[in-house]
Amino acid sequence: MLLLKKADTFYFLARQVLLSLLSVYSITGTAQPPELVFLRGDEQVLFNWRFGYSEFPFPSGSPAAQEDAGRGIYGWYDGTLWSQAYKSWDSSITHGVQLLFRGGSPYARQVKCISSIVPYSKAGEPVSFLIPYMYTIGSEENISFALTVKGKTEETLVCKLQPKAQAAFTGGMIKANFITLKLSEPTGTKPIITAIGLLHVRVYPTLLNYGDRMEFIFSSTTQHMDVESSLVLGSIFNHQPLPSPYPLQNNYQPADIFFREARQHHAQKLENWRKTTAALSQQLQQKATIEVFCSGPGMPRNRGELRVMAYSGNPVKDFQYGAPAQQIPEIAAAVTKALGRRFSLFRYQHHYLPWRAEDPSTLDSTQIPYLEQWLTTANNFADTVMLDFQLSPVIKLYKQYSKMGQSALPPEGIPGAEWSKITQGYITALRFARQVCPNLKIVQMPYELDNIAHTEVHSDAHYRFYKCLYKAVAVLNKELPAGQQLLVAGLGANNANSRWDFIEGFLRRYSQDHDPDKQLDYITWHTYLFPGNYPSMMKGVNDSLQKLLTKYKSDQKLKVIVDEMGLAEPSTIEDLSDLSGAMKKEAAMASYSAILQDYYEKEKGPFIPISGAGWHFALLTYGQQNILSAYTKGMVLRNRLGDMKIPVKAGPQDDQGFGLHAVATKTDQKISILVSAAAPSIFYEQAAPLEYKTINISLKKLPVSFQKKKLRVTQWYSTPNDPVFTGILSQDKYQTLPLTRGADRYTKNFSLAEAATLNQINKTSTVITASSKDDLSLTVNLDAYGMKLIEIEADTGK
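In structure tokens:
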């Protein structure tokens, strides 16, 4: 028994020593593990977009592709066209492809990373892949998406990320580990937090394609966010082996306490944000008043509602395949008939290349039918036509060659699309366009190139695109008689208030350009509202412009065509698959466009806003019968205003311009008041729509011809909340594919009775007697996202 006890004691001690040695070995092994071997998971990065969208062409000669376009099938496109640059954990620049999470667009909801080839030497073993990432969490608690790994078979993980040093998700055949190496929180009140790092995906043998590539597909969901979340994946231009993320943690990764504090800060900011945005509408629901000063100084009204824009398509941007639709001129005819006059300006953008890339002295025969159809329509229904060739295939080559504006071009230009070829192509296409469209008077350089990069070499390339255009116009103008020569619009920037450096760079280059052919009759920019922007942001824009024009000794009267304006994606109210939801968005766009137009007029600068509707974010019509959209009804109401504005004061309004707005005009026979609201609920989920049950209108110093008279007060109104309208548009048979630009909505076949109902603009009329005083008081109401026109005139008894 004693021998057994001694043996047990010896065994116990020996076991403890052995365990201690193993523990030491284990610790040492953990600190210095065998080096992992990683393959790139992002040797190619693609994004998903619908076939037929002209910005990203599909094989036009392929019957299968055209069939897919008709069915609403999506295709994979080169990630360069949807890339975003960011500064990585080591301060190097990475260009990844953005996965969209915002509401308002069905596109780029999937990003695909394709790996390098899995070697046969790894057969039977798991394989590790690395993909760089940057994710930003906006006005939500976390960012959620699906990761599908495709190989011999496929498996999907649902991932939900918050800022952590590592976030691992495990399936049956895959394990994904998001390793964050950099974390940042900007100052300010917006709930934003950004994480940058490397995704390590380990794939097990049952799923691996040995001798082939693996696919990693990231899929998001559509939802509204006041502050947008995003996930940027892969690296487009860098294909070198990536370092193991695990040793990098020691050098770059923040301490655990920093991650905990970041999560707490974000949660607190998000709570405060929701309270603050809810209060935006609360303070705008006070007593609503409008004062009209009938004897005040008059100011000519700029009829922006008669200016429209269109994208290449059949009949809109999403559909450019098959024979041109006859509905294109029918839409223009329906709208001009409702307006009772022609468009004053029709801006048309053609996205495909109109000339043959290999021989720019000849037109591309596949593009002639579209170009001819659109230009003929514009010529027949507008006094002035403005044409933009967006040169999408050339811009694609530029993005790829310059690495998104990071690398300078050779002096001769883009290889395969040199400056001389672009100039010749312009000459060829514009000569044809002028023959088809005698009302073509303005040609515009490609727009939104400022979105590509903020580098000097990119600004140089941008100016060369402009130079190609003016050199071509110089040739053509020598062929045209005096008074019929083409005018040139340069710049083509996004929202001016965020692009002053880019605008200054363009004007500086123009001032330094001594080419005798140079010509600049207009500059152009957009004015779009989206979360973070606000209606009054255009205050002071004329002062900023004049300072730059003075600095570079440019013409102080240089005109600005605001070539696109209104609401952009996203919004809180648009259900992408529901026509009645879309009608709310378009009604809100009608109000915001009218309000932005008014802000531009108050600037008293050289501005020409295109604030009518467009074949773009908002439709002009619905269905085969060309039923007037809520946006077009807003155009019609604005068009009923007179030509001379009188002072008006409306409220409540906040400093950002949200709230109640009004425009008033006066003639000898009629006083007209347009009432609308800029509701913050369009951008902020917690903000309630603005609905005014009672608006007190006071007309000051009524003209003598209106005093002591019986007056007829007519109220015209457009509302997306009409139960009859929504009852029709909510039927299953009228629902569409989730297209924010709405091409499928044109194909719906309403009954004659439904069409007649939907085309109505409602009105009421009453007769009142003006008192002996020179003031007049009225009471009206305004639905959420609605627009109302009040007309006051002498009652004739008719």
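All residue numbers for the sequence shown refer to numbering that gives the first Met the number 0, where the first residue is 0 and numbers rise by one.
Glycine included, each C-beta is placed from N, C-alpha and C at the ideal position.
Remember, it's a predicted structure, so these values are computed and weren't measured experimentally.
Query: Backbone secondary structure at Thr29 - three-state DSSP; Result: Residue confidence for Thr29 is low, a pLDDT of 41 falling below 50, so the modelled location carries little weight; the figure read from the coordinates is stated next. Looking at Thr29 - three-state DSSP - the assignment turns out to be helix.
Query: From Phe724, Lys556, Gln624 and Val334, residue whose alpha carbon lies closest to that of Arg306; Result: Val334
Query: Local Cβ density within 10 Å of His660, reported as buried at 16 or more and exposed below that; Result: buried
Query: Residues sharing a beta bridge with Pro608, DSSP; Result: Val561
Query: Under the three-state DSSP convention, the category Asp449 falls into; Result: helix
Query: Buried or exposed by the 16-neighbour rule on C-beta atoms within 10 Å, applied to Glu304; Result: buried
Query: 8 Å contact criterion, which Tyr134 and Leu230 should meet: CB distance rounded; Result: 5 Å
Query: Residues of its chain near Pro328, where Cβ-Cβ distance is below 8 Å and the 5 sequence neighbours each way are ignored; Result: Gln372, Thr375, Thr376, Asn379 and Phe380
Query: Sub-7 Å separation of Gln423 and Ser360 beta-carbons; Result: yes
Query: Nearest residue (CA-CA) to Ser697, options Asp542, Leu269, Ala649 and His453; Result: Ala649
Query: Buried/exposed call for Thr523, threshold 16 Cβ in 10 Å; Result: buried
Query: Three-state secondary structure (DSSP) of Ile421; Result: helix
Query: Nearest-angstrom beta carbon gap, Leu207 and Gly150 [assumed within contact, 8 Å]; Result: 5 Å
Query: Straight-line gap, Gly785 to Gly539 (C-alpha atoms, nearest Å); Result: 28 Å
Query: Endpoints, the alpha helix (DSSP H) within which Ala491 is located; Result: Checking the sequence, you will find Gly at residue 491 rather than Ala. Not the alpha helix (DSSP H): Gly491 falls in the beta strand (DSSP E), residues Leu486 to Ala492.
Query: DSSP three-state assignment for Thr739, whether helix, strand or coil; Result: For Thr739, the predicted model reports a pLDDT of 49, less than 50, meaning its position is unreliable and no value from the coordinates is stated.
Query: Met308 - containing alpha helix (DSSP H), residue span; Result: Not the alpha helix (DSSP H): Met308 falls in the beta strand (DSSP E), residues Arg306 to Tyr310.
Query: Selection from Phe215, Ser343 and Pro190 that minimises the alpha carbon distance to Leu269; Result: Pro190
Query: Cut-off 6 Å between Cβ atoms - residues of its own chain near Thr666, not counting five sequence neighbours on either side; Result: Gly641
Query: 7 Å Cβ cutoff met for Gly658 and Leu279; Result: no
Query: Between the CA atoms of Asp255 and Leu3 - distance to the nearest angstrom; Result: The predicted model places Leu3 with a pLDDT of 37, which falls under 50 and marks its position as unreliable; any figure quoted below should be read in that light. Using only the alpha carbons, I get a separation of about 51 Å.
Query: Neighbour-count burial assignment, Ser704, 16 or more Cβ in a 10 Å radius; Result: exposed
Query: Close Cβ partners of Val126 (< 7 Å) along its chain, the five nearest in sequence each way excluded; Result: Leu38, Val117, Val202 and Leu207
Query: Residue range of the alpha helix (DSSP H) that includes Thr547; Result: As written in the sequence, residue 547 is Leu, which differs from the Thr given in the question. Where Leu547 is concerned, the enclosing alpha helix (DSSP H) stretches over Val540 to Lys550.
Query: Nonlocal neighbours in the same chain, by C-beta distance under 6 Å from Glu417, ignoring five residues either side; Result: Glu411
Query: Buried or exposed (CB count within 10 angstroms, at least 16 for buried), Arg101; Result: buried
Query: Closest Cα partner of Ala663 within the set Gln165, Ile289 and Gln483; Result: Ile289
Query: Within 7 Å, strictly: CB atoms of Glu790 and Ser675; Result: no
Query: Span separating the alpha-carbon of Glu810 from that of Glu585; Result: The structure shown has nothing for residue 810, since the chain only spans 0 to 797.
Query: Cut-off 8 Å between Cβ atoms - residues of its own chain near Met643, not counting five sequence neighbours on either side; Result: Gly297, Met298, Pro299, Arg300, Thr664, Lys665 and Thr666
Query: Contact check, Ser590 vs Tyr551, beta carbons under 7 Å; Result: no
Query: Among Thr735, His223 and Val635, nearest to Leu619 - alpha-carbon criterion; Result: Val635
Query: Simplified DSSP state of Cys112, which is helix, strand or coil; Result: strand
Query: Inter-residue Cα distance where the pair is Ile681 and Glu140; Result: 21 Å
Query: Selected residue, minimal CA-CA separation from Lys700, among Ser294, Ser87 and Thr276; Result: Ser294
Query: C-alpha distance - Phe217 paired with Gln109, whole-angstrom precision; Result: 5 Å
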